[in-house]
Structures are given as structure tokens and as C-alpha cells.
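Single-structure report; data block below.
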Amino acid sequence: MKRGIKKEIRIIGIDDGYFEKFKEKECLVVGAVCRGAEFLDGLISFKVEVDGNDSTEKIIKNINKSKHKGQLSLIMVNGIALAGFNVIDIEKVSKETNLPIIIVSRKNPRIELIKRILEKIGKKDRIELIEKAGIPKEFKINNSKIYFQFYGIEEEKAREILKLTIKHGNMPEPLRIAHIIASGISLGENKGRV
191 MKRGIKKEIR IIGIDDGYFE KFKEKECLVV GAVCRGAEFL DGLISFKVEV DGNDSTEKII
251 KNINKSKHKG QLSLIMVNGI ALAGFNVIDI EKVSKETNLP IIIVSRKNPR IELIKRILEK
311 IGKKDRIELI EKAGIPKEFK INNSKIYFQF YGIEEEKARE ILKLTIKHGN MPEPLRIAHI
371 IASGISLGEN KGRV
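Next comes the structure, spelled out in C-alpha cells:
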């Protein structure tokens, strides 16, 4: 008998706030700890360098030290990078937190364009991390599409979790909540779509 995903699976949704490129050195990151698509149970927050290379370590450190760690079943992040080109090593995050990870994007990431930009701005080391995350998979929901990458979880299970956690629009609730909070704090009120 196949076991389904619990409706109230504990997920931390991670998104960055607004930052002014070339003016700010750091960017706020918020992790919203949610029970499926139903309840917000807690928050974590930290800062990462704009276009830096500390997002992987900061995610690992802040999840592992969180009082919510023992309850978490999954990490979700809005995009493969935080604060511009601060690219996340999803394999390392998954292995060092012992949690599967799903990267979600509203639009299909233009991987080749991103790789060319990284090379042009002298950040070739991040290309390997983007390639390691794999080709984004398409997920259709509510007459719309989103894209996802994953590590530490089977594709079918990742799809099941996406379906379970999308309540309003086409983004998972943990990411929608993290986005509202991060942009609200950094801008004074939330703006834009996840």
C-alpha cells in the first residue's frame, strides 16, 4: 500500500526580501515554517551577501540551529539563488540538514542565459551549482505552470507536495508566506508576486 503525504507536512519556505543592487551589501532572507498549506508555525530570518556565496552555509546553519528543525520534513526555496547571484548548492543543503529540498520558480529558469551572465561577471564557480541542480521540471497547476528542481526526494513525491501546498494562485503556500514577510519587512509593505 502506497503512503500519501500528510496534509500538515512541516515545510520551511525560504525567500529573500528586496534589495537595491549596487547599494546594499546584504539582503534579508525569511524562512516560513508551515504545516502544509494550512498554518504558519514559525519563522527564521537571516541575511546573505548580495551576489555573494554564503547562501548555502547560511541556510544550513539557520535551519540546523532552529527550534523547528526536528519537526521539518522538507525545505522549499524560491529560486536557485538568493540576493541576486548567491547560488544555492541544493545537494549540500539537503545532505547537511538531512532534509529534501525543492527549488520552485514561477518562470522557467533560462539556465544557459544565467550561465553566460555568471561567466561574464566572473562567477564561473556558481555554474557548477546550477548544473548540479538539474534541469527544471514543469508542473501544471490552476491553468498555469511553475518549474521545480529537487534533491533528496523522488520527482513524484515532489509533485505531490507541490500539489498539496498550492492553495492560492500557483506558488506553494510556504513560499508565498515567506515572500510576503520578506518583502514586507524590506520594503515596509509586501509588493509583487512570489
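Under the numbering used here, think of the first position of the sequence shown as 191, with each following residue one higher.
Even glycine gets a Cβ: it sits at the ideal position worked out from N, Cα and C.
Here residue 265 has 201, 202, 204, 249, 253, 283, 284, 287, 289, 290, 291, 292 as same chain residues with Cβ atoms under 8 angstroms from its own Cβ, once five neighbours each way along the sequence are excluded. For the pair residue 320 and residue 296, the Cα-to-Cα distance works out to about 17 angstroms.
Taking C-alpha positions only, residue 262 is separated from residue 223 by approximately 8 angstroms. Going by C-alpha positions, residue 269 is about 6 angstroms away from residue 294. Shown here for residue 305: same chain residues with a beta carbon closer than 7 angstroms to its own, the five before and five after excluded, namely 317, 320 in chain order.
In the displayed model, residue 206 falls within a strand according to three-state DSSP.
For residue 360, same chain residues with a beta-carbon under 8 angstroms away, outside a window of 5 residues either side, are 296, 331, 332, 334, 335, 336 in chain order. Judged by beta-carbon spacing, residue 372 lies beyond the 8 angstroms limit of residue 230, meaning their Cβ atoms are not closer than that value. For residue 225, DSSP records a beta bridge to 200, 229. In the DSSP assignment, residue 237 forms a beta bridge with 218. Annotation: residue 349 to residue 329 spans about 7 angstroms, alpha carbon to alpha carbon. Taking C-beta separations shorter than 8 angstroms and ignoring five residues to either side along the sequence, the partners of residue 315 in its chain run 243, following chain order. Per DSSP, reduced to three states, the secondary structure at residue 273 is coil, with no helix or strand assignment. At a Cβ-Cβ threshold of 8 angstroms, residue 216 and residue 247 do not count as neighbours.
Only residues of its own chain outside the window of five on either side were considered, and among them 195, 197, 199, 226, 227 have a CB closer than 8 angstroms to the CB of residue 354, listed in chain order.
Per DSSP, residue 289 lies in no alpha helix (DSSP H) segment and is marked neither H nor E. Boundaries of the alpha helix (DSSP H) harbouring residue 353: 345-355, taken from the DSSP string. Excluding sequence positions up to five before and after residue 374, its CB lies within less than 6 angstroms of the CB of 380, all in the same chain and listed in chain order.
The C-alpha of residue 358 is placed about 27 angstroms away from the C-alpha of residue 323.
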